[in-house]
Amino acid sequence: MKTVDKLNKWANAKTNLAFDILRIALGVFFFIKGIQFADQTEMLLDLIQPRNPNAVGLLIVHYVAMVHFAGGLLIAFGLLTRLSCLLQMPVVIGAVIVNFAVVMDPLNLVQALLALGLTSFFLVYGSGKHSVDYAMKLHL
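Under my numbering, the letters of the sequence shown match residues 1445 to 1584, in that order.
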C-alpha cells in the first residue's frame, strides 16, 4: 500500500492535461475494441482455437470483450486505473503475440504495441489529477 501511495504522490506532482487526455483516449480505444470483440466473437474464437472451439475458448473470448468494455470505461474515467490496466495486460500482450506471430497485420501490430506501451505506463502512473479517483480522494 505504501508503494501505491508513493506512486500516487509522484503522479499527482508530475501530472498534466496531456497524460489525462492519453488516459481517456486509451480507455475509449479499449471500450471500442470491447464492442468490436463482442460483435465478432466467432472471428475471435477462430483466431484463438481454429479447429475445435470449446468452453475454454469461449471463456477467453468473453474475458477479452468484457475486460476491454468495462476496463475501457474505468480507464477513461480514471477509476481503478491501475487495476484495470493490470487486467488489460494479458489481453494486450496476447494481441501483440497474435498480430506478430499469427496474422502479421502491421496496422494492428502497431495498435497493439501502442496499447501495450500506454497500458504499461498507466499501470505505473495511475489515473492522475483529472480523474474520479482523485476527486474521490479529495472528498474523503
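Glycine residues also receive a C-beta, built at the ideal position from the N, C-alpha and C atoms.
query	result
Pairwise C-alpha distance: A1499 and E1463	It should be noted that the sequence gives Phe, not Glu, for residue 1463. Taking the straight line from one Cα to the other gives about 39 Å.
Environment of T1447 [buried if 16+ CB atoms lie within 10 Å]	exposed
Three-state class that DSSP yields for T1459 in the structure shown	coil
Segment limits, alpha helix (DSSP H) that includes K1581	1576–1583
Closest Cα partner of L1523 within the set I1479, V1568, V1576	V1576
Sequence ranges, alpha helix (DSSP H) only - wholly within the segment 1479–1557, length at least 4	1485–1492, 1499–1521, 1525–1541
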